[in-house]
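A short write-up of the structure that comes next.
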Amino acid sequence: MAPSRATSKRARVADDSSSEDEPIAPKRTRTARTAAAAPAAAAAAAASSSSAADAPAPSKPTRKRAAKKLAAASDSEDEPLAAAPPPAKRGRKAAAVKDEPSSSAASSSSTAAAPKRRGRPPSASSSPASSPAPTTARGKGKAKAKAPAASAAVKKEEAANGDGDGDGGSGSDDDADGEFKWWKQENPLGDGRTKWTTLSHNGVYFPPAYVPHGVQMKYNGKPIKLGPAAEEVATFFAGVVGTTWAENPTFVSNFFEDWTDVIKRTEPATCPIKEFAKCDFTPLVDYLAAEKEKKKAMTKADKDAAKKAKQEIDDKYGWALVDGRKEKVGNFRVEPPGLFRGRGAHPKTGKLKKRLQPEDITINISKDSPVPAAPAGHKWKDVVHENEVTWLASWTENVNGQPKYVFLSAASSWKGMSDFKKFEKARELKKHVARIRREYTAMLKDRETEKRQLATALYFIDKLALRAGNEKGEDEADTVGCCSLRYEHVTLKEGNKVVFDFLGKDSIRYYNEVVVDAQVHKNLKLFKKDHSDGDDLFDRITTTSLNKHLTSLMPGLTAKVFRTYNASFTFQQELESTPADGSVADKELAYNRANRQVAVLCNHQRAVPPTHDAQLGKLKDKIRALKYQRREAKKLMLQLDPKLKKSRKDLTEPESDLDDEWIAEYLESEKVKDKEKLQKKLEKDNAEREAEGKPLLTLKELEDAAAKRAARDPTLEQLEKKVAKLGDQIHAAKTQLVDKDENKTTALSTSKINYIDPRITAAWCRKHDVPIEKMFPRTLREKFKWAMDAEADWEF
DNA sequence: CTTCAGACTTGCCGCGATGCAA
DNA sequence: TTGCATCGCGGCAAGTCTGAAG
47 MAPSRATSKR ARVADDSSSE DEPIAPKRTR TARTAAAAPA AAAAAAASSS SAADAPAPSK
107 PTRKRAAKKL AAASDSEDEP LAAAPPPAKR GRKAAAVKDE PSSSAASSSS TAAAPKRRGR
167 PPSASSSPAS SPAPTTARGK GKAKAKAPAA SAAVKKEEAA NGDGDGDGGS GSDDDADGEF
227 KWWKQENPLG DGRTKWTTLS HNGVYFPPAY VPHGVQMKYN GKPIKLGPAA EEVATFFAGV
287 VGTTWAENPT FVSNFFEDWT DVIKRTEPAT CPIKEFAKCD FTPLVDYLAA EKEKKKAMTK
347 ADKDAAKKAK QEIDDKYGWA LVDGRKEKVG NFRVEPPGLF RGRGAHPKTG KLKKRLQPED
407 ITINISKDSP VPAAPAGHKW KDVVHENEVT WLASWTENVN GQPKYVFLSA ASSWKGMSDF
467 KKFEKARELK KHVARIRREY TAMLKDRETE KRQLATALYF IDKLALRAGN EKGEDEADTV
527 GCCSLRYEHV TLKEGNKVVF DFLGKDSIRY YNEVVVDAQV HKNLKLFKKD HSDGDDLFDR
587 ITTTSLNKHL TSLMPGLTAK VFRTYNASFT FQQELESTPA DGSVADKELA YNRANRQVAV
647 LCNHQRAVPP THDAQLGKLK DKIRALKYQR REAKKLMLQL DPKLKKSRKD LTEPESDLDD
707 EWIAEYLESE KVKDKEKLQK KLEKDNAERE AEGKPLLTLK ELEDAAAKRA ARDPTLEQLE
767 KKVAKLGDQI HAAKTQLVDK DENKTTALST SKINYIDPRI TAAWCRKHDV PIEKMFPRTL
827 REKFKWAMDA EADWEF
């Protein structure tokens, strides 16, 4: 059975978030998340879910896709519908269109609210004037190699909020503090197509060349000398030894295949390496461990030097000028070579990701900006000037042939604008959603199977926040979303119950038992009829056709907008239960709970932190200790003034959760701790006394002194205060406990970063007087600068 | 159409910085 | 002051969706 990997922190424990039911986020009982590594995945799935895994489900057994479209074309509307309606010829799309004249033609320019056109993107006036200056400044900075004057200066300017030397493009459109506030512009979203007029930057940063270490791994028990190329790849593998990657047969065989290729090319024909089983990477593993130690043991000076070097790189490559304005670059570091860590049962996992050369990289930059110099002796693959895209550099990754890009950071104007657009689009959906729901509810009974499928899929996307579910290739992990659900992923139960069990994005398991609309249940039964494992559940629709339909209902509407809308809407609703007169901790809890609702809705999971149980235990003990102290304090109060027994019920109430055994243990441990403390104090004091020539103390003396202090009777008033304080502490700790436990397997950050309109948070903080820093860490505050001014009464 | 390439968002994880108790 | 847990951030894989090409 399960190969009991210690590393399987991915296994989840049942989560009974059975707190409430409300329409949008139906109750859910999730179980385990499958492991990423293939063998573990299969095992885990088999172990945890009897239903899904026993069936030949997980790995595509007899998958017959492609049959899809043919079926739709020929056999057409033959399916007898459970209800009654006679088959009908299709092609009557008119029915779907509804009153609005579709507007699909104009829809492509997805400009949210303001259809008003403007000639230029954000600031018409600033760029021509400001761009030449910074460009030259940049050029100089580059020439100086070290300490790029320009960027450093700008940096300081930003931090100190002082005035710069004209760099940074604080043109007339910008705010007084020199920062570009695009959201205060008249038309913050520009014309939607052209992204920039001028663009300059310093290109990309390459990882250092490989330095061979010469450590010899063993083959067949004998040390073996490898050239740099083969050694490097072997060392990549050594890096995963001890993790689940190294246990994954696909990973191992892909690695070995690519490695032997390298060996064939670069090693003499005498190189004996033929079988993975005979490879012993231990020397390399040890070497890596030693290197890690070395790094950890670096002196402070070395660490500082490394930090400084890193800072210089950041200063040089970390900034770009867009229309004369300084913007932060995101991933300017070229991805280093390594073994591809494809998640889930990815057929290509473990393959060698090659080292990129400047000759692989395309640079996108203004015509009039200096092209960043490629590393000595090299040149760029290409230099282009495409101002309808936002990437600064791009290349093709060799494992999957995917394009990769260098973009600006999340805090940049471009990303901010597109976030803003996204949330405005979701808010627009709010106005249409009632109508759209009515429409698809009616369409659930349409005579055409295709329409029924469309409506049913849409029902899931809306109610369950499923992803669209594009088709995937054979050379990718087998994961699905709404449109790509297969027969085996959906099980029908009595009482209109439906059980979903499939692997979604990142091979995260989605398990959900939901009671659905009777018609939906009926439809599913119909779609499944005469089908079997491996067949598409929705065989007449694709994400494209679904989105096309959605766009006809509302311009720019796509499946993912529903996720954004439902997440933000749910969040705002859940926040309403924030206790107006609660403490900040109470409010935080309410916030996190709302956040959690959304995370559960979107199925955002995380591995249980390895120390989770221990943490909980500690917290519980802390609470008990506090309770015990409170009990003692109350006792004292009653001793001091026995009359309180009558008037103060609260003092006589027993503390829950305290048993004698625990108390004894607690007291014992406290005793030990106290003793240790005193012992330390004794040593310290005596050292002092010795120096001053005073007589030394004994432990006994100290103990007596401490006992005397403890015996001093506090006043009633002091006790009262103490009890109150303890009460607060207990409450806070309990709150923390609940929060922590509920968070065990739920990742809040993804929804916070991508799905919840930040203006809801900003408004909530204002309304409830909670500092925004409590809810948004620095990077989020930067990313959501545009949302920070939301008034307390702002509504999503 | 379908497929494919391209561009951009979403998502989980590992690691380093940071804060905190010992 | 050091060891250690937490947290925030960046890395990069994996989605969505659009538009061009076959």
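Whatever position you read off the first sequence (first residue = 1), add 46 for this note's numbering. C-beta atoms are modelled at their ideal positions from N, C-alpha and C, and glycine is treated no differently. These figures come from a predicted structure and were not determined experimentally.
DSSP three-state call for residue i: helix, strand or coil?
i	result
G462	helix
R484	helix
P383	coil
K241	coil
Q448	coil
V429	strand
E373	strand
N641	helix
Q231	coil
T296	helix
Q775	helix
Q403	coil
Q661	helix
H247	strand
Sort the options by Cα distance to residue i and report the nearest one.
i	options	result
D667	L704, H658, A523	L704
A355	L794, Y251, H595, D731	Y251
R481	I587, R493, L599, H392	L599
S553	G388, K509, I806, A457	G388
K551	H567, T525, L538	T525
A488	K425, K427, D563	D563
T590	A605, L583, D582	A605
H595	P760, A501, A422	A501
Y533	E749, N569, Y505	N569
L504	A422, N542, I587, A472	I587
Buried or exposed: which applies to residue i, given that a residue is buried once 16 or more other Cβ atoms fall within 10 Å of its Cβ?
i	result
P104	Residue confidence is low: P104 scores 35 on pLDDT, short of 50, so the model does not pin down where it sits. Its coordinate-derived value is still stated next. Buried.
E707	exposed
A514	buried
L742	exposed
N248	buried
L713	exposed
G462	buried
R642	buried
E620	buried
D839	exposed
K723	exposed
D576	exposed
E868	For the chain, the structure presents residues 47 to 842; residue 868 sits outside this window and is missing.
H424	exposed
In whole angstroms, give me the CA-to-CA distance for residue i and residue j.
i	j	result
V560	Y256	53 Å
R715	I709	With the sequence shown as reference, residue 715 is identified as Ser, and Arg is not the correct amino acid for it. Between S715 and I709, the C-alpha separation is close to 10 Å.
V445	K673	58 Å
R735	V718	25 Å
E522	E277	29 Å
K574	P383	45 Å
T281	K399	13 Å
D465	N516	23 Å
D815	Y801	23 Å
E520	K829	37 Å
E485	V429	49 Å
N649	Y557	9 Å
M457	K633	Inspection of the sequence shows that residue 457 is occupied by Ala rather than by Met. In a straight line, the C-alpha of A457 is about 27 Å away from that of K633.
G580	G527	14 Å
Q725	E711	21 Å
F302	G260	20 Å
E373	T289	39 Å
K362	V375	10 Å
A351	V331	27 Å
Just checking residue i against the ligand GTP - is the residue's beta carbon closer than 7 Å to any of the ligand's heavy atoms?
i	result
V816	With respect to small molecules bound, the structure shown includes none, and the ligand GTP cannot be examined in it.
Discussion item. Report the start-end ranges of each alpha helix (DSSP H) in the region 673-700 that is 4 residues or longer and not cut off at the edges.
Written reply: Annotation note: the region 673-700 contains the following uninterrupted alpha helix (DSSP H) runs of length 4 or greater, listed N- to C-terminal: 690-693, 695-698.
Practice prompt. Note down, one range per segment and in chain order, each beta strand (DSSP E) of at least 3 residues found wholly within the region 518-578.
Written response: Within the region 518-578, the complete beta strand (DSSP E) runs of at least 3 residues fall at 536-539, 543-549, 555-561.
Worksheet item: Which parts of the region 698-753 are runs of the alpha helix (DSSP H), unbroken and 4 residues or longer, counting only runs that do not cross its ends?
Response: Uninterrupted alpha helix (DSSP H) stretches at least 4 residues long and entirely within the region 698-753 occur at 706-738, given in chain order.
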